[in-house]
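Engineer: Have a look at this one before I ask anything.
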Amino acid sequence: MDPLRELRNLIATTDSEGRGSREEHKKIYQFIKLKVLSPKSPFIKQVPPLLDVVKTIYTLFEPKLDTRHISDLLDLLATVEFYRKRTLDHANLATIWNNHYNEDSNTDCLPLDYETAEFLQQLVSQAGAMRDIYITLILTCCSLYFPTLNANYAESPRLFWTDLSREETAKISNLGRECSRLVRESNSADKSRTINSALNENQEKTWPNLCRDEMLSELVSYYTSHITATSEKVQLLFPAADKIS
Numbered sequence: 001m002d003p004l005r006e007l008r009n010l011i012a013t014t015d016s017e018g019r020g021s022r023e024e025h026k027k028i029y030q031f032i033k034l035k036v037l038s039p040k041s042p043f044i045k046q047v048p049p050l051l052d053v054v055k056t057i058y059t060l061f062e063p064k065l066d067t068r069h070i071s072d073l074l075d076l077l078a079t080v081e082f083y084r085k086r087t088l089d090h091a092n093l094a095t096i097w098n099n100h101y102n103e104d105s106n107t108d109c110l111p112l113d114y115e116t117a118e119f120l121q122q123l124v125s126q127a128g129a130m131r132d133i134y135i136t137l138i139l140t141c142c143s144l145y146f147p148t149l150n151a152n153y154a155e156s157p158r159l160f161w162t163d164l165s166r167e168e169t170a171k172i173s174n175l176g177r178e179c180s181r182l183v184r185e186s187n188s189a190d191k192s193r194t195i196n197s198a199l200n201e202n203q204e205k206t207w208p209n210l211c212r213d214e215m216l217s218e219l220v221s222y223y224t225s226h227i228t229a230t231s232e233k234v235q236l237l238f239p240a241a242d243k244i245s
């Protein structure tokens, strides 16, 4: 059956308003990851090229990031993370086979040269740190995007929800509750003030913003530059590997 038809049928099993349980949402996300975003899926070709995504991200920060575009930034960052994970998959697979060839004295296949093997191993070892940077960016954007983000974070249509671990989901959910608490407290303190004015007055002291505007820009630049460079190098090393762009 066509993956999109299967996905439509899966979504149809949720309640009439499309909310569904956490388990149903998780099942849908897993289906998207394994079937729709699979390297063999015909829909993978519809993902925009990495360089175009990164250029669009940089454009959002010129001259300064507008909070109206944070929802776009969230989706674009999720797309960059998608490319990072694909690049990591290639690096992992190449490292596994290279270790096999190094240990197998009967094979005719030559192992990778030291520089290439070291680059791939470093890429694998940095995976956790790069994921942490990505989650920090997502958390920061969510704190800036609130309260225009959906009232219930778990129902947000943003792409970043598709591959979060349980721990990462908990971090974002906790952030949402904290933001909601601060809004309620700020609004209750003085009913004559708008929520936005209350937030503006209290944001520097209490708002859970993980990094300020200039730091956000620098962290996004580092993250996207790293992934662009490593993705291009891996594609040069393994031109026969599945490519999107």
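Numbering (my numbering), first residue to last: 1 to 245.
We put the beta carbon where it would ideally sit given N, CA and C, even for glycine.
Tell me which residues share the same chain as ASN9 and place their Cβ nearer than 7 Å to its Cβ, disregarding the 5 neighbours each side in the sequence.
Structural biologist: none
Engineer: Measuring alpha carbon to alpha carbon, tell me which residue in ILE172, LEU88 and THR59 is nearest GLU232.
Structural biologist: With distances taken between Cα atoms, GLU232 lies closest to LEU88.
Engineer: By alpha-carbon positions, which one of GLU167, GLY128, ARG158 and SER143 ends up nearest to GLY176?
Structural biologist: SER143
Engineer: By the three-class DSSP mapping on this structure, what secondary structure does ARG68 have?
Structural biologist: helix
Engineer: Please report the Cβ distance between ILE227 and VAL80, rounded to the nearest whole angstrom; I am assuming they are in contact, meaning their Cβ atoms lie under 8 Å.
Structural biologist: 6 Å
Engineer: Straight-line CA distance for SER221 to PHE160?
Structural biologist: 18 Å
Engineer: With DSSP collapsed to three states, give me the class of CYS296.
Structural biologist: A question about residue 296 goes unanswered here, because the residues of the chain that appear run from 1 up to 245.
Engineer: The alpha helix (DSSP H) with PHE119 in it runs from where to where?
Structural biologist: 114-125
Engineer: In terms of alpha-carbon separation, which member of TYR145, THR169 and ASN106 lies closest to ILE135?
Structural biologist: THR169
Engineer: Does DSSP put GLU62 in a helix, in a strand, or in coil?
Structural biologist: Under the three-state reduction of DSSP, GLU62 is assigned to coil, being neither helix nor strand.
Engineer: Roughly how many whole angstroms lie between the Cα atoms of HIS69 and LEU77?
Structural biologist: 12 Å
Engineer: Can the beta-carbon of VAL47 be found less than 8 Å from the beta-carbon of THR224?
Structural biologist: no
Engineer: Quick check on DSSP: helix, strand or coil for PHE238?
Structural biologist: coil
Engineer: Three-state secondary structure (DSSP) at ASP75?
Structural biologist: helix
Engineer: Return the residue from the list PHE238, LEU237 and THR230 that minimises the CA-CA distance to LEU50.
Structural biologist: For LEU50, the closest alpha carbon among the candidates PHE238, LEU237 and THR230 is that of THR230.
Engineer: With 16 other CB atoms within 10 Å as the buried threshold, where does MET130 fall?
Structural biologist: buried
Engineer: For the candidate residues HIS90, ASN98 and TYR145, whose alpha-carbon lies nearest to that of ARG158?
Structural biologist: TYR145
Engineer: Which residue wins for smallest C-alpha separation from LEU237, given the options LEU112, ILE28, GLU214 and ASP163?
Structural biologist: Taking only the C-alpha atoms, the option nearest LEU237 is LEU112.
Engineer: Our contact map puts THR95 next to GLN121 with C-beta atoms below 8 Å; I'd like the distance itself, whole angstroms only.
Structural biologist: 6 Å
Engineer: Can you give the beta carbon distance from ASN98 to ALA127, rounded, assuming they're within the 8 Å contact cut?
Structural biologist: That pair is no contact at about 17 Å.
Engineer: Would you identify the three-state DSSP class for ASP104, choosing helix, strand or coil?
Structural biologist: coil
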